[in-house]
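Below is one structure; the comments refer to it alone.
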Amino acid sequence: MKVDLFRFALILMSFVVYFTSPGQTSLLTTAEQSNYASTSTYNDVMKFAEALVKTSPYIRVESFATSAEGRKIPLWVIGNPLPESPLNLAKDERLVVYIQANIHAGEVEGKEAAQMLARELLQNPNQEIFKNLIILICPILNADGNEKFSTQNRTNQVGPVNGVGVRYNGQYLDLNRDAMKLESPEITGIVTKIFNQWDPAITVDCHTTNGSYHEEPVTFTWMMNPNGDRDLINFMRDDMMPAVHTHLKDKYKIENLFYGEFINRLIPDSGWISYASEPRYLVNYVGVRNRLAILNENYVYADFKTRVIGSYSLLWAILDYASSNKNKIAQLLQETDNGMMNGFGASHLADSFAIRYEGRPTPQLITIKAIEADTIPGMRGYWRYKQSDRHRTVTVPYIADYYPLENVAIPYAYLITVPDKDVLENLINHGIIVEKMSEPQILEVDGFVIEDLKSEPRLNQGHYTNAVKGHFEKTSREFLVGTYIVRTNQKLGNLASYLLEPQSDDGLLLWNFFDKYLVPQWGEGYNPYPVYRLMEKKEFSSSPVK
Ligand SMILES: [Zn+2]
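Residue 551, in my numbering, is where the sequence shown stops; the numbers in between run on with no holes.
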């Protein structure tokens with residue numbers, strides 16, 4: 006009875022909160038209702054969306070994936086007018102912006118910020134932003150991880166005190182390492198249903214960082230893999246990201262900084278670096294698709310409310326910029342696409358494909374309100390870092406400009422001689438155009454001769470990933486009916502090279518897709534890599550593969 010009374014009081018309280026909150030915020034998130042002690046469960050998020058749909062005609066709830074544990078992953082489509090489907094976008098002048106949160110389900114402020122953002126957008130459907138943007142939101146990408154609440158998860162994070170979920174999804178995969186191999190329903194869903202269909206101009210991915218000590222609660226950076234279009238990377242580096250930084254500080258009063266960590270955590274003057282540049286990370290993957298992407302990492306030592314408000318304000322600052330620069334962004338992306346489609350023999354070949362690359366300083370130094378670290382003894386003889394009370398502002402190089410160290414020329418087409426359904430499915434899921442040869446043909450091609458093939462001794466995301474050494478050799482070879490053809494003069498040509506180049510640092514060979522073809526059952530050495538590079542333009546009789 007006592008319990009029932011308690012429950013009744015709770016329900017009554019939530020009604021009171023719902024109807025009597027000040028200002029416009031009649032519908033509150035779990036974080037707001039709990040005074041930032043708790044974060045939303047999956048059901049909280051789904052109910053929040055139901056309430057939004059009841060009060061506004063400008064939002065629709067869809068789903069783009071079902072998690073391993075059976076949860077429908079929501080996508081909120083927001084626009085005025087609300088687009089009926091991505092098929093109607095051809096004549097639509099609006100830019101599509103996609104915001105996702107909770108890819109790592111212990112990093113929860115983006116999930117709260119995304120809900121607040123949707124609510125605030127819908128409260129004013131006549132605002133300027135709606136003339137220029139369609140907004141897609143996935144507030145809870147890793148729903149399975151979210152539901153594994155514990156106060157023992159992310160114990161170094163300052164709130165919410167009532168616990169958060171775990172990093173991995175229902176398959177024990179890190180979703181932010183899955184963008185190339187596409188083994189999770191969540192990331193496969195994003196790529197097939199959001200990227201391929203809605204083709205967002207801008208993607209935002211919300212996290213919490215664990216890195217170096219500083220005062221700024223919000224950090225962010227952009228896609229930086231050098232196999233994405235350089236003009237787009239430079240546009241982010243020199244134009245959009247500095248503008249968002251200033252706008253977030255001036256208009257929303259949020260101290261912020263480009264994402265990174267000190268090269269030497271004990272020495273703030275050592276420089277500031279953003280390490281992760283491979284396209285297995287979703288933001289870099291979007292860059293290799295030649296679209297704009299922003300990684301939001303909020304500072305783990307800032308309290309939960311500060312992180313939520315910071316992330317929420319950053320999302321607004323990004324939307325403000327996208328809305329006022331819609332035409333510039335659309336034109337830039339169109340030029341990039343045109344360059345890719347007409348690509349073979351054109352300027353993108355000059356860059357070719359980078360198989361090794363390095364980070365260099367961006368042209369501008371970065372100023373950081375650093376807090377110096379000390380070391381203290383940790384477990385098993387290791388040292389740990391501890392925040393000191395010594396605050397010091399430093400202006401240092403930002404290592405976030407990735408440039409090739411070793412290139413290979415991009416071929417006209419890749420010819421895949423094994424009818425492998427996993428390889429084919431991966432390419433098709435990415436949205437890459439694949440054709441099938443319908444008449445046999447003898448062609449002069451580059452074949453990759455493997456000299457050495459080693460797999461990593463420790464499993465990584467369920468894979469003993471491969472490291473390959475070898476060289477290309479010119480060879481004349483008959484290609485049979487059914488050979489798969491992937492031309493590089495398509496919008497996703499860079500991505501096709503990334504997946505199919507044998508020496509790629511995040512390709513299908515690395516992720517074991519070709520393992521069974523590479524080593525003969527008897528004898529020494531290796532089989533040739535079953536993907537050949539056709540360097541000259543050729544006509545084929547072929548049919549598209551769907
Ligand atoms: Zn994260």
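Heads up, the beta-carbon is just placed ideally off N, CA and C, and yes, glycines get one too.
Nonlocal neighbours in the same chain, by C-beta distance under 6 angstroms from residue i, ignoring five residues either side
| i | result |
| --- | --- |
| I207 | V102, L297 and A327 |
| E363 | L410 |
| Y286 | N181 |
| H396 | I376 |
| M345 | K496 and G498 |
| D342 | K496 |
| I268 | S275, G276 and I278 |
| K333 | none |
| L515 | T470 and N471 |
| L505 | Y419 and V536 |
Where residue i sits in the DSSP three-state scheme
| i | result |
| --- | --- |
| D183 | coil |
| V305 | coil |
| P247 | helix |
| G386 | helix |
| F53 | helix |
| P190 | helix |
| V2 | The requested residue 2 is not part of the displayed model; the chain covers only 6 to 551. |
| L319 | helix |
| V450 | strand |
| H109 | coil |
| T372 | strand |
| W203 | helix |
| T35 | helix |
| E544 | coil |
| L539 | strand |
| D520 | helix |
| I490 | strand |
| V399 | strand |
| L497 | coil |
| Y362 | strand |
| S61 | coil |
| D510 | coil |
| S43 | coil |
| L485 | coil |
| Q392 | strand |
Other residues of its chain near residue i: CB distance less than 7 angstroms, five sequence neighbours each side excluded
| i | result |
| --- | --- |
| S357 | N412, V413, A414 and I415 |
| K198 | F69 |
| Q176 | A73 and S189 |
| Y408 | P231, Y362, E363 and R365 |
| K77 | S68 and T71 |
| L500 | V293, R294, H435 and I437 |
| F135 | G84 and N85 |
| V58 | I64 and V66 |
Local Cβ density within 10 Å of residue i, reported as buried at 16 or more and exposed below that
| i | result |
| --- | --- |
| D457 | exposed |
| G487 | exposed |
| A359 | buried |
| G28 | In this prediction, G28 scores a pLDDT of 38, lower than 50, which makes its location untrustworthy; the coordinate-derived value is nonetheless stated afterwards. Counting Cβ neighbours within 10 Å, G28 comes out exposed, since fewer than 16 surround it. |
| I381 | exposed |
| Y387 | exposed |
| I314 | buried |
| T34 | buried |
| T367 | buried |
| R54 | The sequence shown places Ala at residue 54, not Arg. By the neighbour-count rule (16 or more Cβ atoms within 10 Å), A54 is buried. |
| S90 | exposed |
| R124 | buried |
Assumed close pair residue i, residue j - CB separation to whole angstroms, cut-off 8 angstroms
| i | j | result |
| --- | --- | --- |
| N167 | K331 | The pair is not a contact, with the Cβ atoms about 40 angstroms apart (cut-off 8 angstroms). |
| N289 | M245 | Rounded, the Cβ-Cβ distance is 16 angstroms, inconsistent with contact. |
| V223 | L253 | 7 angstroms |
| L370 | T398 | Not quite, the Cβ-Cβ distance comes to about 12 angstroms (not below 8 angstroms), so this is no contact. |
| N147 | A110 | 4 angstroms |
| V454 | G475 | 5 angstroms |
| Y537 | V423 | Actually they are not in contact, since the Cβ atoms of Y537 and V423 sit about 11 angstroms apart, beyond 8 angstroms. |
Residues near residue i by beta carbon distance below 8 angstroms, same chain, minus five either side
| i | result |
| --- | --- |
| Y417 | F349, R492, T493, N494, L539, M540, E541, K542 and K543 |
| S547 | E440, K441, M442, S443 and I490 |
| L80 | V66, E67, S68, F69, L141, I142, C143, K198 and I199 |
| Y41 | G164, P165, D308, F309, K310 and V313 |
| P462 | Y469 |
| F263 | T224, F225, T226, M246, H250, W277, S279, I371, Y403 and A405 |
| D325 | I134, H252 and K256 |
| Y503 | M185, N232, P284, V293, F358, S509, D511 and G512 |
#### Entry: Start-end ranges of the beta strand (DSSP E) lying completely within the segment 207-247, minimum 3 residues
Counting whole runs of 3 or more residues, the segment 207-247 contains the beta strand (DSSP E) stretches 207-214 and 223-227.
Can you check the segment 421-478 for any alpha helix (DSSP H) of at least 4 residues that lies completely inside it and give the ranges in chain order?
426-435
In the segment 78-150, which residue ranges form an unbroken beta strand (DSSP E) of at least 3 residues, counting only runs that do not cross its ends?
-> 100-106 and 138-143
What are the start and end residues of each continuous beta strand (DSSP E) run of 3 or more residues lying completely inside the segment 267-291, in chain order?
272-278
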